[in-house]
Amino acid sequence: MPPERYATRFAPSPTGFLHLGHAFSALTGFDRARERGGRFLLRIEDLDQARVRPQFEAAILEDLAWLGLSWDGPVLRQSGQTAHYADALARLDALGLVYPCRCTRADIRAALSAPQEAAEGAGPVYPGTCRGRPMQGRGPDDAIRLDLDRALALARARAGGLPAFTETGPAFTGLHALDADALRAGTGDIVLARRDSGAAAYHLAVVVDDARQGITEVVRGQDLFAATQVQVLIQVLLGLPQPVYHHHRLIRDEAGRRLAKRDDARAIRLYRAEGATPAAIRRLVGLPG
Ligand code: GLU
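Position 80 of the sequence shown, counted from 1, bears residue number 89 in my numbering, the numbering being contiguous throughout.
Shown next, in the form of structure tokens:
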């Protein structure tokens, strides 16, 4: 079989302007694709309709082009992929791994006697109040969750042990087995489909898209390391090909904090407005010119 052609993607959410951290991520992926004669794809993660704004998407495309990035093929928008997510969800349902959940955030907080913050401040880990509810009883306002313990048991059976993924990032290179305890403590029964719109939630959409786009290496920040664990688990359950993962260092502010969307002071467009060149941005984030 001929070796697979390298493909990576940059997958911003159009909920704000790109900042230096995004520039570093996109440039790292782009450089790796070009060095390998591979493809660099762009995916717009626009499922969170309450926060997505068309002007942010336009600004993202413009900033990336200004940085000197071009992408192969058309932009993939998650909002156009709903049938694929529904199909994946139906497959997880057929495996008996999902359940409907009617809990609100307030219910979840109330059910937790000692609230436990999930990794990366993603909110409390769901205590499993609705676990075991049958899918036939799903109401229009219910979210759909993954039953993590069942999922881990099936994945173990399939992979002959806990699944692992290959890390190519600078912090550690090699095989990384999933950590069931960390998944239970930090991730829990994640939402696969949202309660408000029924739209697919982040992890399910990413797994489906990475497979459909033929991604061979996911290049993204170390802050998504915990997300990788759950995404690899879903890949195994759906029988999808597994990319390797390159978790890169994070760009931080002077206080050592990871940049967030609200860090408008480091928005690429502000540097642009002040007359910075794309080469200067590369230098600022520590990349060779
Ligand atoms: N859309 C995510 C973000 O903007 C990135 C997800 C990913 O790279 O898998 O943080």
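Glycine included, each C-beta is placed from N, C-alpha and C at the ideal position.
Taking 7 Å as the cut-off, the beta carbon of D55 is found no closer than this to the beta carbon of Q90. Short of 6 Å from the beta carbon of Q238, and not among the five residues preceding or following it, lie these beta carbons of its own chain, in chain order: L187 and L192. In terms of CA proximity to V241, P172 leads the group P172, A67 and A20. By the CB criterion at 7 Å, I260 and V294 fall inside the cutoff.
Across the set A95, A42 and R140, the C-alpha of R140 shows the shortest separation from the C-alpha of I199. By the Cβ rule, the stretch 250-267 does not count as touching the stretch 45-65, because fewer than three pairs are nearer than 8 Å. Residue nearest to E66 within the set R52, L76 and G77 is R52 (criterion: CA-CA distance).
Straight across, the Cα-Cα distance linking Y135 with Y15 is about 37 Å. Per DSSP, the continuous alpha helix (DSSP H) segment holding V215 begins and ends at Y211 to R221.
When DSSP states are grouped into helix, strand and coil, F49 belongs to the strand group. Relative to the ligand GLU, the beta carbon of R229 is positioned inside 6 Å of a heavy atom.
R159 and L106 have their alpha carbons spaced roughly 6 Å apart. For A59, the closest C-alpha among the options P149, A208 and E176 is that of A208. With fewer than 16 other Cβ atoms from the protein chains shown falling within 10 Å of its own Cβ, A99 counts as exposed. For P109, the enclosing beta strand (DSSP E) has its first and last residue at V107 to C110. Taken through DSSP and simplified to helix, strand or coil, F26 comes out as coil. Listed in chain order, the non-local C-beta contacts of L85 below 6 Å within the same chain comprise R52, local neighbours out to five positions each way being set aside. Secondary structure of G146 (DSSP, three-state): helix. A distance of 7 Å or more separates the beta carbons of D72 and I290.
A distance below 6 Å between beta-carbons, with the five flanking residues on each side excluded, links L121 to the following residues of its chain, in chain order: P133 and P136. Between the alpha carbons of L246 and T225 lies a gap of roughly 18 Å.
Excluding residues up to 5 positions away in sequence, G298 lie with their Cβ nearer than 7 Å to the Cβ of A288 in the same chain.
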